[in-house]
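Structure, as structure tokens:
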Amino acid sequence: MSELSYIKRPNRGLKIYAAAFLTVLYVPILFIPLFSFNDSLYVKFPLSGFTFQWYIELWERSAVWDSLGNSMRVGVAVSIISTILGTLAARAITRSRLPGQNAIVAFVMLPLVIPGIIFGVSLLILLSRLGVSLSLYTVTLGHLVVCLPFAVATLLPRFEGFDKSMEEASADLGENGWFTFWRVTFPLVLPGVIASLLLTFTISFDEFIMAFFLTGTDATLPMFIWTQLRFPQNFPSVLALASIILLVSFLLVFVALWVGRLGLIEPEESQS
Amino acid sequence: MSSDGFISIRNVGKSFGSFRAIESISMDIQQGEFFSLLGASGCGKTTLLRMLAGFETPSQGEIFIDGQPMSDVPPFERPVNMVFQNYAIFPHLNVRDNIAYGLRKQRLPKAKRNAMVDEMLDLVQLAGYGDRKADELSGGQRQRVALARALILKPKVLLLDEPLGALDKQLREQMQLELRRLQRSVGITFVFVTHDQEEALTLSDRIAVMQGGDVLQVDTPNALYEQPRTRDVASFIGTMNFLDGRVLSRVNGHTKLDIDAVGEIDIPTPHPAIVEGDRLSLAIRPEKIVLHRAAPDGPAMQGNLEMTSYLGERSHFHIRVPGCVEPMAVSAQNADLGEIRALEEGAPVWLSWHDDALIVLDGK
Ligand SMILES: Nc1ncnc2c1ncn2[C@@H]1O[C@H](COP(=O)(O)OP(=O)(O)OP(=O)(O)O)[C@@H](O)[C@H]1O
Ligand SMILES: [Mg+2]
């Protein structure tokens, strides 16, 4: 008898599909690092030689560093705020019986499917009506809208994944809500919190559309890349920059997914 | 306001939406008592316990603990601790930190705290396990951590929700003994939930038998077994035979009954509720019935032996009696059986009993 269950049987068709899927998805992206090492201003085959020139050029331009700094600041702020809000939301969703709970969850998740351009435009209109001038703060606000659903989606399974009797046990042993949160709830959802921080940071770091509508004078890194596309002589260094961003984003998301799953177990048989 | 027991439950009821999980319950639990809530699955044992702990708010009535009304007291301020059905050991802490969890507020010096934890580890026989994580413990060990974690706070009341339910038979019996020993040595009031009647009978000072959200009877194990008040209690605890009959007359403490399938008998009964002409139910334990091969003197039933089970020290018999729906269950010491032992299935037998073996039940 086979060790594998019906569902888990190896399936050749599925394997081919997965390979094709990954190829279509990632081969175009692989051209970016490839040409970033190419010793030519133009993106075309055949490759003309190997160089670090574009990376060095990048290193020496202060505008790159400025926009990197801007992106970092926005990213850190967005990741912290959206993770805190996401934690509160996930807790509220899993730990209390709110009327219309499913509707609330749906609304929290909605920004995932609403096109960014619609959110960008509407936020722009709103902010200009209110007379708020565009700056990194407005970009941060836009990114929060984009990141919050991801934070909630990352944290929800952690909150659902541990038994509510843990919190009751803490209350029973004399700790009020605040201490119960810090001594029991938070340590148990910590991997989800870290995953959410990394994920939302990465999303904010790479985000373009919101930044496009809401940036004032200080550009984020993707905005900087966008402005550089107008200058053909800068294009190879844009590729170099894009390669670095790709690499860092990949690493962060992998770590986030890995940490997020740490010790995540099926909820134990709950109290009767 | 003031109350009789250490824990005093006054007209407490609980509804979940339109579903009534607990009817209006009143009872008192004394200090230092090992008190059990016994009942089938879904009868509301956990719900009642959770109301004592403060996790559920009663829909009506009031709970007093040590004279204090509990309605406005949150779980973390109640003088009770709970051992959860699934133990709820904190998985991110080791055994020591689990046990010391509730000590934070007392702001003890570290040495004192460690000493208290060590003492607890000894008490529950887990010395040497202090550094293990929750997932490195067996079921019985977890249960003892949960106990130690609650006991270290010296609660006035310990609530235990089927703490032995998840254990295998052997470990369970061992833990029963340990629980009893512990309860005696710490002198804390235990409120213990179980659906296992044998466990309840072995451990408890008193038992509340619950059914469908109601308490049927609160009594000592002995009284529950010997003097069940209703048919439900009688059939829930141990094996019981039931007889139906009619009251013919009452004369100074004696009642003349006409029992279906038996005929007229006369029993001494101080039972006040019996009225002439009423239908009533009687109960009799299998071991209180005596078997005969020939008709004995006095009231007796005649039947046919349907089944015999030999259990070494005892034998169990089922006897089909014309006019009774259920066969009568009889249990006897094999040493006392004599000629009965050799009977074939289908053979005619007579059943008799002492007057005081008949229990008059409330209700029809
Ligand atoms: N939160 C709740 N919402 C609705 N109904 C509930 C809730 N908690 C319990 N009940 C119902 O109340 C009744 C009593 O439940 P309870 O958990 O007290 O039973 P129990 O006696 O502890 O059973 P068991 O021996 O299976 O643990 C059950 O019918 C259950 O379905
Ligand atoms: Mg229960």
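Note that the protein sequences, when read in sequence, are chains S and F.
Note that the numbering used here has the first sequence beginning at 1, numbered continuously upward.
Note that the numbering used here has the second sequence beginning at 1, numbered continuously upward.
Every residue, glycine too, gets a C-beta built ideally from N, C-alpha and C.
If you're wondering where the values come from, they're calculated on a predicted model, not measured in any experiment.
No heavy atom of ligand 2 is found nearer than 7 angstroms to the CB of T23/S.
Every unbroken stretch of the alpha helix (DSSP H) spanning 4 or more residues and falling wholly within the stretch 142-229 of chain F is given here in chain order: 169-186, 197-203 and 221-226. With a cutoff of 7 angstroms, D161/F counts as near ligand 2, since its C-beta is closer than that to a heavy atom of the ligand. Between ligand 1 and A21/F, a heavy atom-to-CB distance of less than 7 angstroms is present. Residue contact with chain F for S204/S: absent (no Cβ-Cβ distance below 8 angstroms to any residue of chain F).
According to DSSP, K133/F shares a beta bridge with N94/F. In the DSSP annotation of this structure, the continuous segment of the beta strand (DSSP E) that includes E306/F starts and ends at M301 to Y310. V184/S and T154/S have their alpha carbons spaced roughly 19 angstroms apart. At a cut-off of 8 angstroms between beta-carbon atoms, N114/F makes no contact with chain S.
For the stretch 86-99 of chain F, the beta-carbon criterion of a distance under 9 angstroms to any beta-carbon of chain S is satisfied by N86, Y87, A88, I89, F90, P91, H92 and L93. Proximity of the stretch 190-208 of chain S to the stretch 123-131 of chain F falls short of the contact definition, fewer than three beta-carbon pairs being nearer than 8 angstroms. The Cβ atoms of S204/F and F35/F sit closer than 8 angstroms to each other.
Taking 8 angstroms as the threshold, the shortest C-beta distance from N70/S to chain F does not fall below it. Residue pairing by DSSP puts N81/F in a beta bridge opposite L158/F.
Taking the Cα positions, A53/F is about 55 angstroms away from L22/S. Of the heavy atoms belonging to ligand 2, at least one sits nearer than 7 angstroms to the Cβ of Q85/F. Shown here, S62/S sits in a helix according to DSSP, grouped into three states.
Cβ-Cβ separation between A90/S and L190/S: approximately 13 angstroms, too far for a contact (criterion under 8 angstroms).
For K105/F, the closest Cβ of chain S is nearer than 8 angstroms.
Of E344/F, Q211/F and D355/F, the smallest CA-CA separation from L37/F is found for Q211/F. At a cut-off of 8 angstroms between beta-carbon atoms, S165/S makes contact with chain F. The count of Cβ pairs closer than 8 angstroms, one atom from the stretch 159-179 of chain S and one from the stretch 34-45 of chain S, stays below three, leaving the stretches out of contact. In the structure shown, the three-state DSSP call for S133/S is coil.
Using a Cβ-Cβ cut-off of 8 angstroms, R149/F counts as an interface residue toward chain S, since at least one Cβ of chain S sits closer than that to its own. Here L147/F is buried, its C-beta having at least 16 other C-beta atoms within 10 Å.
If you check the CB distance, D218/S and S135/S come in under 8 angstroms. One alpha carbon belongs to G32/F, the other to V80/F, and they sit about 13 angstroms apart. The closest CA to that of Q143/F, considering only Q174/F, F236/F and G253/F, is found on Q174/F. Per DSSP, V184/S is not a residue of any alpha helix (DSSP H), being assigned neither H nor E. Only residues of its own chain outside the window of five on either side were considered, and among them S243 have a CB closer than 6 angstroms to the CB of P33/S, listed in chain order. When distances are taken from the beta-carbon of T202/S to the heavy atoms of ligand 2, even the shortest one reaches 7 angstroms or more. Using a Cβ distance threshold of 8 angstroms, V117/F and I89/F do not count as a contacting pair. In terms of CA proximity to I118/S, M210/S leads the group M210/S, V27/S and T202/S.
DSSP places L30/S inside the alpha helix (DSSP H), whose first and last residues are R12 to S36.
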